[in-house]
Amino acid sequence: MPLALLALAIGAFGIGTTEFVIMGLLPQVAGDFGVSIPTAGLLVTGYALGVVIGAPLMTVLGTKVSRKRMLMVLMGLFIAGNLLSAVAPVFPVMLIGRVVASLAHGAFFGIGSVVAAELVAPQKKAGAIAMMFTGLTVANVVGVPLGTLIGQQIGWRVTFGIVAVLGVIGLAGIGKLVPEVPKPEGVHLRHELAAFKNAQVLLAMAMTVLGFGGVFAAITYIAPMMTHVAGFADGSVTWLLVLFGLGMVGGNLIGGKFADRALMPMLYVSLGALAVVLALFTLTAHNKIAAAVTIALIGALGFATVPPLQKRVLDQAHGAPTLASAVNIGAFNLGNALSAWLGGMVIAAGFGYTAPNWVGAVLAAAALLLAVLSAALERRDTKPGAALTSDAPALPEAARH
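Taking the numbering used here, the leading residue of the sequence shown gets 82, the next gets one more, and so forth.
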């Protein structure tokens, strides 16, 4: 694997850390600014919405510059947002800092996926994408627990300052190691937008929303589930999340390896197994050991879908993949927001803290059905003598080479 992937992984590590570390620091932030915990929770919501909006926005704005230069601009935004959060004198300023940092998230992973795939041979594309996303998964094993500990012991502002330094390292690495990949000639914004007329692209994004939504339906409410149902102490939740992160790392690497060999079968297995494990979590959540094992499995199976889904979008949006790739990253966050809302609804309705697991199982099963439908449509369209069914207009000759 090219050394340039390390620079992308470092940037991904910083982004993953800043996205999730705030969840463990909400009490400290709320106390310092004199706001309630629900109000401080806007720092999580604002970040997620910033990712959904920023992914297409920043990608469109970057169509006029090289991908390497845009990656450097995005890391600059990330650094500025985290520095603003670290020195924010009042809560609204910190919220602005979080949104600024989030604008880099979707476009970085979207453009980074395209760059990573172009750095390697065709049969290694999913593995390269997985290598970049390893930075995000390792952030949940190392960055988030360590950042939470530093924030609780020294101060949350120090945590965000360190994350900004990680951004500087990522920026320097991209500038030094990532080659200048020329933009494909003849591909313009209208070609990028045309990819969304392709039913296969939309199906892949819907799989992303539902599949990853299944993971976060359960994980969003892991703290009350583990303390009230499994009987863990409050302090154990951090280490349970480390188990989840370890599962993410393993699943991401396995998903990248096997997606290069058999992409759709990999999706069938991971989504099907995820639906079953989430359903079983309603039972295993009552036992400490079984719950811990299940949490690791959810992380592994959930992130085993990431490289194949991202590669699926790149493959189906061939010729103009950058915007579709970035929007698919926003789809992950949309799935997170949707599943957290649905999980909260079933808890509020009185079904108990394990009820979100059923929500997650249904979402993962729905994603599996979409995968089967997508493959069936693809087989139909590639039968001998079948008419070309892509709705996307033909690209200029230069864009196809």
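By construction, the Cβ of each residue, glycine as well, lies at the ideal position given by its N, Cα and C atoms. Note that this is a predicted model, so its numbers are computed, not measured.
Check: My guess is that G136 and A407 are in contact by the Cβ rule of under 8 Å, so how many angstroms apart are they, rounded?; Outcome: In the sequence on display, residue 136 carries Ala and not Gly. Confirmed, about 4 Å.
Check: Can you have a look at A430 and say buried or exposed, based on whether 16 or more other CB atoms are within 10 angstroms of its CB?; Outcome: exposed
Check: Could you tell me if M175 is buried or exposed, where buried requires 16 or more neighbouring beta carbons within 10 angstroms of its beta carbon?; Outcome: buried
Check: Quick test of your reading: I498 and G208, contact by CB under 8 Å. State the CB separation rounded to the nearest angstrom.; Outcome: The chain is shown only over 82 to 482; residue 498 falls outside these bounds and no answer can be derived.
Check: When the Cα of G112 is compared with those of V181, H186, R238, V180, which residue comes out closest?; Outcome: R238
Check: Helix or strand or just coil, what does DSSP make of G242?; Outcome: helix
Check: Classify G132 as helix, strand or coil using the three-state DSSP reduction.; Outcome: First, the residue type needs correcting, since residue 132 is Val and not Gly in the sequence shown. In the structure shown, V132 sits in a helix (DSSP, three-state: H, G or I).
Check: Taking only the alpha-carbon atoms, compute the straight-line gap between L200 and T463 and give it to the nearest angstrom.; Outcome: 29 Å
Check: Just to confirm, are G228 and T240 a CB contact at a threshold of 8 Å?; Outcome: yes
Check: Could you give the first and the last residue of the continuous alpha helix (DSSP H) run that contains H309?; Outcome: From DSSP, H309 is part of no alpha helix (DSSP H); its letter is neither H nor E.
Check: Taking 6 Å as the limit between beta carbons, can you name the residues of its chain near L164, skipping five residues before and five after?; Outcome: A245
Check: Straight-line CA distance for A169 to A161?; Outcome: 12 Å
Check: Measuring only the C-alpha atoms, how far is A436 from S420?; Outcome: 12 Å
Check: Any chance the CB of L291 is under 7 Å from a heavy atom of the ligand SAH?; Outcome: Among the ligands in the structure shown, none appear at all, so the ligand SAH cannot be discussed.
Check: If distances are taken between C-alpha atoms only, which option among A93, V110, V180 comes closest to V171?; Outcome: V110
Check: Taking contact to mean 3 or more Cβ pairs, one atom from each stretch, closer than 8 Å, check whether the region 447-458 and the region 322-331 are in contact.; Outcome: no
Check: Measuring alpha carbon to alpha carbon, tell me which of L155, T403, L423, R342 ends up nearest L89.; Outcome: L155
Check: I believe F384 touches M329 by the beta-carbon criterion, under 8 Å. Please report the beta-carbon distance rounded to the nearest angstrom.; Outcome: 4 Å
Check: Taking DSSP as the reference, what is the three-state secondary structure of F325?; Outcome: helix
Check: Go ahead and pull the three-state DSSP assignment for F313.; Outcome: coil
Check: Using 10 angstroms around the beta-carbon of R481, count the other beta-carbons present and answer buried if the total reaches 16, otherwise exposed.; Outcome: Low confidence applies to R481: its pLDDT is 41, below 50, so where it sits in the model is not reliable enough to give any reading.
Check: Compute the beta-carbon to beta-carbon distance between V296 and G441, rounded to the nearest angstrom, for a pair I have assumed lies under 8 Å.; Outcome: 7 Å
Check: As a quick exercise: from L130, T126, F101, F313, pick the residue whose alpha carbon is nearest that of V484.; Outcome: Any property of residue 484 remains undetermined from this structure, which presents the chain solely from 82 to 482.
Check: Beta carbon of L106, beta carbon of G242: below 8 Å?; Outcome: no
Check: Quick one: grab the DSSP three-state call for R342.; Outcome: coil
Check: Which residues in the same chain as T470 place their Cβ atom closer than 7 Å to its Cβ, once the five residues preceding and following it in sequence are excluded?; Outcome: Any reading at T470 must be qualified, since the residue scores a pLDDT of 43, below 50, and its modelled position is unreliable; the value itself is stated next. Here the set comprises D462.
Check: Does the beta-carbon of R460 have 16 or more other beta-carbons within 10 angstroms, so that it is buried, or is it exposed?; Outcome: exposed
Check: Could you check what DSSP says for P260 in three-state terms: helix, strand or coil?; Outcome: coil
Check: Exposed or buried, what is S351 when buried is set at 16 or more other beta-carbons lying within 10 Å of its beta-carbon?; Outcome: buried
Check: DSSP state of L142, grouped into three classes?; Outcome: helix
Check: Between the alpha carbons of A93 and F189, how many angstroms are there, rounded?; Outcome: 8 Å
Check: Quick one: is H367 buried, meaning 16 or more other Cβ sit within 10 Å of its Cβ, or exposed?; Outcome: exposed
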